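Accompanying notes for the structure given below.
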């Protein structure tokens with residue numbers, strides 16, 4: 001009877017080790033997953049508010065975002081729910097999106113429900129809607145190859161592709177699709 005108890009005890013302990021092994025080995029799996037991450041941000045900010053100035057000391061642009069992650073070695077900054085306000089002497093534009101990436105050469109790529117709002121009063125175009133817009137902050141230009149919609153007080157223009165020079169106040173649709181004029 002003693003040997004039967006010993007065999008049953010060894011069998012019971014063996015089954016328990018076999019059943020509990022994945023639970024004890026789980027921490028090693030989590031460490032491997034963390035090592036698979038390509039890069040971690042060098043700096044993270046929550047509820048970001050930032051103002052940038054040009055060489056003459058004038059406001060170049062302002063940024064607010066729910067979250068910002070700086071990846072210095074990779075050369076870009078990632079924003080969640082950003083709002084960029086671009087300033088020049090004649091007019092201001094406020095551009096918001098679901099997310100954005102700012103590269104070291106001041107190229108800004110906004111993605112997901114992008115809306116560029118013209119803050120200048122009595123402008124022909126009130127806002128621009130697109131899924132993706134690329135902005136050169138220094139040159140103050142916008143471009144997109146995606147479908148875009150330009151909305152003004154009395155019109156709505158749709159097309160595919162956009163080139164805009166905000167300093168010269170010129171907006172060009174690459175492929176015009178439709179224009180709707182509203183009664184005044």
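Numbering (the numbering used here), first residue to last: 1 to 184. Where is the CB? At the ideal position from N, CA and C, for every residue including glycine. A quick note: this is a predicted structure, and the numbers were derived from the prediction, not measured.
Residue 166 sits close to residue 140, with the two beta carbons spaced by under 7 Å. Taking C-alpha positions only, residue 61 is separated from residue 169 by approximately 17 Å. Within the segment 111-165, the complete beta strand (DSSP E) segments at least 3 residues long are 127-136, 141-151 and 155-165, listed from N- to C-terminus. Burial state of residue 38 is exposed, judged by a 10 Å Cβ sphere holding fewer than 16 other Cβ atoms.
When DSSP states are grouped into helix, strand and coil, residue 8 belongs to the helix group. In the three-state DSSP reduction, residue 13 falls in the helix class (H, G or I).
Counting along the chain, residue 175 sits inside the beta strand (DSSP E) bounded by residues 170-181. Distance from the CA atom of residue 93 to the CA atom of residue 71, rounded to whole angstroms, is 27 Å. Within the model, the alpha-carbon separation for residue 116 versus residue 24 is close to 52 Å. Ranking 58, 4 and 157 by CA distance to the CA of residue 126 puts 157 first. The residues 63, 64, 65 and 68, in chain order, have a CB closer than 7 Å to that of residue 48 in the same chain once the five nearest residues on each side in sequence are set aside. Only residues of its own chain outside the window of five on either side were considered, and among them 154 and 155 have a CB closer than 7 Å to the CB of residue 182, listed in chain order.
Under the three-state reduction of DSSP, residue 96 is assigned to strand.
A straight line joining the alpha-carbon of residue 159 with that of residue 108 spans about 22 Å.
Per DSSP, the unbroken beta strand (DSSP E) holding residue 50 starts and ends at 43-53.
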